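Engineer: Numbering (this note's numbering), first residue to last: 29 to 181.
(1) Three or more C-beta pairs closer than 8 Å, one from the stretch 65-77 and one from the stretch 86-95: is that the case here?
(2) Okay, do the stretch 35-53 and the stretch 137-152 touch, 3+ Cβ pairs below 8 Å being the bar?
(3) Are there 16 or more other CB atoms within 10 angstroms of the CB of residue 33, so buried, or fewer, so exposed?
(4) Leaving aside the five residues before and after residue 94 along the sequence, list all residues of the same chain whose C-beta is less than 8 Å from its C-beta, in chain order.
(5) What is the rounded straight-line gap between the Cα of residue 111 and the Cα of residue 36?
(6) Would you kindly report the start and end of the unbroken beta strand (DSSP E) that includes residue 30?
(7) Mark residue 167 as exposed unless 16 or more other C-beta atoms lie within 10 angstroms of its C-beta, in which case mark it buried.
(8) Distance check for residue 156 and residue 148, CA to CA, integer angstroms please.
(9) Tell me the start and end of each unbroken beta strand (DSSP E) in the stretch 55-89 that is at least 3 residues and wholly inside, in chain order.
(10) Note the first and the last residue of the continuous beta strand (DSSP E) segment covering residue 50.
(11) In terms of residue numbering, what span does the beta strand (DSSP E) encompassing residue 126 cover?
(12) Alpha helix (DSSP H) containing residue 96: first to last residue?
(13) At the level of alpha carbons, what is the spacing between residue 59 and residue 99?
(14) Following the continuous beta strand (DSSP E) through residue 135, name the residue where it begins and the one where it ends.
(15) When we look at the beta-carbon of residue 51 and count the other beta-carbons within 10 Å, is it buried (16 or more) or exposed?
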């Protein structure tokens, strides 16, 4: 687990089996107070453009993705009655790009590709600063790995 600071907002980055996952909950807190973060995420997920992005990402990266359920969600997107939470998306489509965690480091996390896209929902400057900070973190991790490798050579 690592933390990055983007426009005065601390954001958690987890390294999961499929790669780096960035906290959407922390990111949403930059836009609204923490109690409304789940609403910001829900409103973003229910957008047709977001669903297209998420579904395409899953089709590329997840052989177990439930495309039939995805098509059902896609048809409903844009209707005033359509509501979708991150956990419902994960459960119904077998998605791996977004994870929902409970407990100490709880919240909604997304693969870096998806988190960068979510950054656009906060603001374009936020998205760009997020990408810069994430790249800085990865660069620091690579330097640390090289230092550790030299130390043990």
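Just so it is clear, CB atoms sit at the ideal spot from N, CA and C, and this is done for glycine as well. None of these values were measured; they are calculated from a predicted model.
Structural biologist: In short:
(1) The stretch 65-77 makes no contact with the stretch 86-95, as fewer than three CB pairs between them are under 8 Å.
(2) Judged by pairs of C-beta atoms under 8 Å, the stretch 35-53 touches the stretch 137-152, as three or more such pairs exist.
(3) The Cβ neighbour count for residue 33, taken over all protein chains shown within 10 Å, is under 16; the residue is labelled exposed.
(4) Result list for residue 94: 120, 121, 122, in chain order.
(5) Whole-angstrom Cα-Cα distance: 30 Å.
(6) Residue range 30-34 is occupied by the beta strand (DSSP E) that includes residue 30.
(7) In this structure residue 167 is exposed. Its beta-carbon is surrounded by fewer than 16 other beta-carbon atoms within 10 angstroms.
(8) Cα to Cα, the separation comes out at about 9 Å.
(9) Runs found: none.
(10) Run containing residue 50: 47-51, per the beta strand (DSSP E) assignment.
(11) 126-129 is the span of the beta strand (DSSP E), which, as asked, contains residue 126.
(12) Residues 95-104.
(13) Each residue's alpha carbon lies about 30 Å from the other.
(14) That run of the beta strand (DSSP E) goes 135-139.
(15) Residue 51 is classed as buried because its beta carbon has at least 16 other beta carbons within 10 Å across all chains shown.
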